[in-house]
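Per full-length UniProt numbering, the sequence shown starts with residue 1, numbered consecutively. Written out below as structure tokens is the structure these notes cover.
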Amino acid sequence: MIPIANTVIQATPSQIEAMQKAYLSFMSDKIPPGAIFAVKKAGLSITAYKSGKVMFQGVKGEMEAAKWGSPTAPKIKPSSSKSASALPVGFANKNVVGSDEVGTGDYFGPMIVAACYGDQAMMPLLKQLGVKDSKAMTDPEICAIAKKIIPVVPHSLLLLPNPKYNDLQAKGMNQGQMKAILHNRALENVIAKIQPIKPDAVLIDQFAEKNTYYRYLAKEPSIVRENVFFATKAEGLHLSVAAASIIARSRFVEAFHEMERELGISLPKGASSKVDQVAANIIDTKGIATLQQYVKWHFANTDKAKRLSHTTN
């Protein structure tokens, strides 16, 4: 019997976050103690732990691990994009249009992208209003701050509803391409709003390599290219991205409340086993066509919900 190969790498938080997005369709409900997530796919098991260690098991383990780093040693994937370390000196105080998205990992709810303009004159006010990394705040706090900054910050908010998302995905468009198109259009909207002012730079919360991002936009009529930077955790690098993150998250929370009112039930966020059960209940009580209007249909949760449903078995 051939032993199963194990390969372990030490990953950064941003790498683990990227892995969660990359393996979203293969997430397992059974998560070992101390783990963040577990993945099961043909010939491969992946487990990411809170310590930052990620274990790749199976005949394809070593090859898959090589995409993310070297065994037992931290390694950031080489990037052709302008990373956080390549940002100009004093970037946090420059006049920047920043963008961020939300809802990409949630089964229920739309995908939303927001872009905001933040300049030196606006920085003190944004800080005073509580703008910071939204991941460090609760949803009620985010919504309260969003109400204060929306009237004063030049911004664009784009929402991709689930039916349209599912239609695009069924036609062959992946989530990365959808995000790229929304980011580009939101950035264009803000840049148009602030004319004749020209921002010093554009900062995108990175979800794809630079070349991949622009490849996704190949068919767009116009593309924002001048002084564009990409960085993970960009909301901590400039308040424009932090503001965009807050506005996008606030709208996502609103969208969730709207869905809950329409369906008459409480909906869980994320893509956990609890999500599968609620989805199955919707199939049983309202029909599978109704469920499809509120979810990202290609997620693995759909098949799991069908198996749990009493009407599809």
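Each residue gets a CB set at the ideal place from its N, CA and C atoms; glycine is no exception. What you are looking at is a predicted structure, and each value in this text was computed from that prediction instead of being measured.
Extent of the continuous alpha helix (DSSP H) run through residue i
i, result
"V190", "175 to 193"
"Q57", "Not the alpha helix (DSSP H): Q57 falls in the beta strand (DSSP E), residues 53 to 57."
"D303", "301 to 308"
Neighbourhood of residue i by C-beta, 6 Å cutoff - its chain only, sequence neighbours within 5 removed
i, result
"G43", "G58, V59, K60"
"A186", "S99, V113, A115, S156, L158"
"D303", "none"
"I149", "L129, A243"
"S245", "D100, S134, E235"
"S250", "I142, C143, A146"
Chain-order list of residues whose beta-carbon lies under 7 Å from that of residue i (same chain, five-residue window excluded)
i, result
"G103", "G109, P110, M111, I112, F252"
"Q292", "N166"
"S266", "E260"
"A280", "A305, L308, S309"
Cross-strand partners of residue i (DSSP beta bridge)
i, result
"D100", "A114"
"Q10", "K53"
"S45", "K40, Q57"
"M27", "V39"
"V89", "V89 is not bridged to any residue."
Reference residue i; option with closest CA among the options
i, options, result
"D100", "Q10, H183, S266", "H183"
"E220", "A146, K179, P199, K40", "K179"
"Q206", "D119, G176, K53, P163", "G176"
"Y216", "T232, G172, M259, D200", "G172"
"Y213", "I197, F230, A201", "F230"
"K210", "I145, D200, K41, V228", "V228"
"S51", "P33, E62, W68, K67", "P33"
Segment limits, beta strand (DSSP E) that includes residue i
i, result
"A201", "201 to 205"
Chain-order list of residues whose beta-carbon lies under 8 Å from that of residue i (same chain, five-residue window excluded)
i, result
"F299", "L24, S25, Y107, A271"
Contained beta strand (DSSP E) runs [length at least 3] in the segment 108 to 171, N- to C-terminal order: 111 to 118, 155 to 160
Complete alpha helix (DSSP H) runs within the segment 213 to 292 (minimum length 4 residues, chain order): 239 to 263, 273 to 286, 288 to 292
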